[in-house]
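Accompanying notes for the structure given below.
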Amino acid sequence: MSPYVLALLLFSLGLGTTMTFASSHWLLAWIGLEINTLAIIPLMAQNHHPRAVEATTKYFLIQATAAAVLLFAGTTNAWLTGQWEIQQDAHPLPVAIITLALALKLGLAPLHSWVPEVFQGLDLTTGLILATWQKLAPLALLLQIHPPNSSLLILLGLTSTLIGGWGGLNQTQLRKILAYSSTAQLGWMVLVLQFSPSLTTLAVSVYVATTAATFLTLKLAKATNINMLAISWAKAPALVALTPLVLLSLAGLPPMTGFMPKWLILQELSKQGLAPTATLAALTALLSLYYYLRITYTMTLTMFPNNLTGTPPWRLRTRKITLPLACLAIATISLLPLTPAAVALVAL
């Protein structure tokens, strides 16, 4: 792909998300989401591989459906209330439809079935954009509308944490595992969204850092399934020593950074009188922890079976840029002591 075309597409990605962030009108927000979708389509199909084209087609159809439902709900809300403003009081029926449309865009369960298949057809760089940047605009809209139907968001959140953990248990493809991981992490954000929007913002920030560190690690190791991770120790020993900590942070174990948002979310749910919901969410996190530990075990404690005629991989000096990965890994592992500062920011 030409660097000028790539720069134009990345600029359009940023423009679409920024437009959705800044808009207070449903039509402008919808236009921003459409620009975002159309900008990532060429990035997804740039490999000209049948799997990539299939994933791109599925993604386009799903996003177009969600955008059509969103526009229909916004128009219905304008018809019922006489205004297009996002932050004004809206009719409950269009708000519920908008919430479901945004859940389809995000890949929340039970509207998640497109996510693993789309991730599996993409390369890791485009998968990283899809798992992080493409989630920001729909989440911003959810934060702006503050859906009053609390039971719908809690149902979506709990279902996402459960299916996100359950679906990844028997997977061997790393991109599908990360897709289910994304669904589970988004479930945690949606659970607390109506009670503490600032806490959702904190959870999104930690999620973006940990997911980006995981994707960059797999890209550096050139691994797409679990068995390929078994020879990573010969290519980058330091990275293999660091990756389990990143994965455990993604699972939300202390003393890693990923523990902070889950701890605060459980605390907030308990304050709102939703202790059973908090308990169920904490139990579903154990399902996700299993496949993170499975990846960790494969990377650090197993060795790929080489026969006598096999040749070991060359340990040549890498030419890839590793500074972003190093910064993200440090942020993923060591920011838990900043929890009091994060609590103070959330309380503002």
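The UniProt record's numbering applies: residue 1 is where the sequence shown begins, and numbers increase by one.
Cβ atoms here follow ideal geometry from the backbone N, Cα and C, with glycine treated the same way.
Practice task
Determine the direct distance from the alpha carbon of Pro276 to that of Ala7, and round the result to whole angstroms.
Solution key: Stepping through the sequence shown from its first residue, residue 7 is reached at position 7. Stepping through the sequence shown from its first residue, residue 276 is reached at position 276. Distance between the alpha carbons of Ala7 and Pro276 is about 48 Å.
Exercise for the section: Report yes or no: do the region 223 to 230 and the region 145 to 161 share at least 3 C-beta pairs separated by less than 8 Å? Expected result: no
Problem - Three CB pairs or more closer than 8 Å across the region 231 to 249 and the region 204 to 215 - result: yes
Practice task
For Leu301, count neighbouring Cβ atoms within 10 angstroms of its own Cβ and tell me buried if that reaches 16, exposed if not.
Solution key: Stepping through the sequence shown from its first residue, residue 301 is reached at position 301. Exposed, by the Cβ-count rule.
Exercise for the section: Would you kindly check if the distance between the Cβ of Thr17 and the Cβ of Leu136 is under 9 Å? Expected result: For this step, residue 136 is matched to residue 136 along the sequence shown. For this step, residue 17 is matched to residue 17 along the sequence shown. Yes, the Cβ-Cβ distance between Leu136 and Thr17 is below 9 Å.
Practice task
Using beta-carbon positions only, say whether Ala278 and Ser288 come within less than 9 Å of one another.
Solution key: On the sequence shown, residue 278 is found 278 positions in, with the first residue counted as 1. On the sequence shown, residue 288 is found 288 positions in, with the first residue counted as 1. No, the pair does not count as a contact, with Cβ atoms beyond the cut-off.
Practice task
Spell out a yes or no on whether the region 79 to 87 and the region 45 to 53 are touching, meaning 3 or more CB-CB pairs, one atom from each, closer than 8 Å.
Solution key: no
Exercise for the section: Can you have a look at His146 and say buried or exposed, based on whether 16 or more other CB atoms are within 10 angstroms of its CB? Expected result: Residue mapping note: residue 146 aligns to position 146 of the sequence shown, counting from 1. By the 10 Å Cβ count, His146 comes out exposed.
Handout entry: Straight-line gap, Leu43 to Asn77 (C-alpha atoms, nearest Å)
Key = Position 43 of the sequence shown, counted from the first residue, corresponds to residue 43. Position 77 of the sequence shown, counted from the first residue, corresponds to residue 77. Rounded to the nearest angstrom, the two C-alpha atoms are 34 Å apart.
Practice task
Out of Leu220, Thr20, Phe119, point me to the one whose CA is closest to Leu323's CA.
Solution key: Residue numbering aside, residue 323 sits at position 323 when the sequence shown is read from its first letter. Checked all of Leu220, Thr20, Phe119; the closest Cα to Leu323 is Leu220.
Problem - Span of the alpha helix (DSSP H) around Pro244 - result: Sequence index remark: in the sequence shown, residue 244 carries index 244 (1-based). Looking at the DSSP string, the run of the alpha helix (DSSP H) that includes Pro244 is 237 to 251.
Problem - Cα-Cα separation, Trp73 to Ala64 - result: On the sequence shown, residue 73 is found 73 positions in, with the first residue counted as 1. On the sequence shown, residue 64 is found 64 positions in, with the first residue counted as 1. Before going further, note that residue 73 is Ala rather than Trp in the sequence given. Near 14 Å, if we compare the C-alpha coordinates of Ala64 and Ala73.
Problem - Rounded straight-line distance, which links the Cα of Val343 to that of Leu308 - result: Along the sequence shown, read from residue 1 onward, the residue named residue 308 stands at position 308. Along the sequence shown, read from residue 1 onward, the residue named residue 343 stands at position 343. Residue placement at Leu308 cannot be trusted, given a pLDDT of 43 that sits under 50; what the coordinates show is reported in the next sentence. Cα-Cα distance, rounded: 56 Å.
Exercise for the section: Please state whether DSSP places Asn170 in a helix, a strand or coil. Expected result: Position 170 of the sequence shown, counted from the first residue, corresponds to residue 170. Note: Asn170 maps to coil in three-state DSSP.
Problem - Spatially closest choice to Met260 from Thr200, Leu174, Thr126, by CA coordinates - result: One-based indexing of the sequence shown puts residue 260 at position 260. The shortest Cα separation from Met260 among Thr200, Leu174, Thr126 belongs to Thr200.
Practice task
Assign Asn227 to one of three DSSP states: helix, strand, or coil.
Solution key: Working through the sequence shown from its first residue, we reach residue 227 at position 227. Three-state DSSP puts Asn227 in a helix.
Handout entry: Cβ pair count under 8 Å reaching 3, the region 191 to 199 against the region 168 to 176
Key = no
Practice task
Could you tell me which residues DSSP pairs with Glu85 in its beta bridges?
Solution key: The count along the sequence shown starts at 1 and reaches residue 85 at position 85. Its beta-bridge partners are His25.
Problem - Alpha-carbon spacing of residue 431 relative to Gln272, whole angstroms - result: Past the edges of the chain, shown from 1 to 348, lies residue 431, and the structure says nothing about it.
Problem - Ala282 versus Thr20: straight-line alpha-carbon distance, rounded - result: Reading the sequence shown from its first residue, position 282 is the one you call residue 282. Reading the sequence shown from its first residue, position 20 is the one you call residue 20. Straight-line Cα distance between these residues: approximately 32 Å.
Exercise for the section: Count the other C-beta atoms from every protein chain shown that fall within 10 angstroms of the C-beta of Ala238, then say buried if there are 16 or more, exposed otherwise. Expected result: Within the sequence shown, the letter at position 238 stands for residue 238. Ala238 comes out exposed.
Exercise for the section: Starting from the Cα of Cys327, find the closest Cα among Ala251, Thr210, Tyr292 and give me that residue. Expected result: As a working note, residue 327 is residue 327 in the sequence shown. Of the candidates Ala251, Thr210, Tyr292, the one whose C-alpha sits nearest the C-alpha of Cys327 is Thr210.
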